[in-house]
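51 is the number of the first residue of the sequence shown in our numbering; add one for each residue after it. Built from N, CA and C at the ideal position, the CB exists for glycine as well.
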Amino acid sequence: MPYRYRKNERLKKNTEFVSTMKGKRLSVDGLSLFYAPNDAGRFRVGISISKKLTASAVKRNRLKRRLRDCIGRALKDRALGYDLVFVARKGLSDSGFERILKTVETALRKSSLPVQKPEGAKR
Numbered sequence: 051m052p053y054r055y056r057k058n059e060r061l062k063k064n065t066e067f068v069s070t071m072k073g074k075r076l077s078v079d080g081l082s083l084f085y086a087p088n089d090a091g092r093f094r095v096g097i098s099i100s101k102k103l104t105a106s107a108v109k110r111n112r113l114k115r116r117l118r119d120c121i122g123r124a125l126k127d128r129a130l131g132y133d134l135v136f137v138a139r140k141g142l143s144d145s146g147f148e149r150i151l152k153t154v155e156t157a158l159r160k161s162s163l164p165v166q167k168p169e170g171a172k173r
């Protein structure tokens, strides 16, 4: 079962998104990843999908759900102490689940974020 990140592991406020987007940026195949260190000691995730990408709310929400699930699967033991913002671009809107998962994993691998086991995790 994929990891479901909790509410305190989500970016919600505009100021949190803006400060994270001032950090480092990486673009991979229809997905941009912005990341910056935080003081929380855990990762926090935000997702942004523009109306320009797809005008249909149904398609935007579907893409957001798929991205959220893929991020949960890919972030198992990565990025502790970082804020992450995933921004969907044109190439990702009509993609299937497997391609989105592969894109997210590629972005995280290229980002050079530290890989750590969370406290209390099995060795």
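- The bridge partners DSSP lists for F93 come to none.
- In the DSSP assignment, R75 falls within the beta strand (DSSP E) that extends over K74 to V78.
- Per DSSP, the beta-bridge partners of F84 are R75 and V135.
- As the crow flies, the alpha-carbon of R139 is around 8 Å from that of I99.
- Taking a C-beta distance under 7 Å as the contact criterion, V95 and L134 qualify as a contact pair.
- For R159, the three-state secondary structure derived from DSSP is helix.
- Taking a C-beta distance under 7 Å as the contact criterion, K152 and L76 do not qualify as a contact pair.
- Between T70 and F84, the C-beta spacing is below 7 Å.
- Non-local C-beta neighbours of L61 in its own chain, meaning closer than 7 Å and more than five positions away in sequence, comprise F67, T70, R94, V95, G96, D133 and V135, ordered along the chain.
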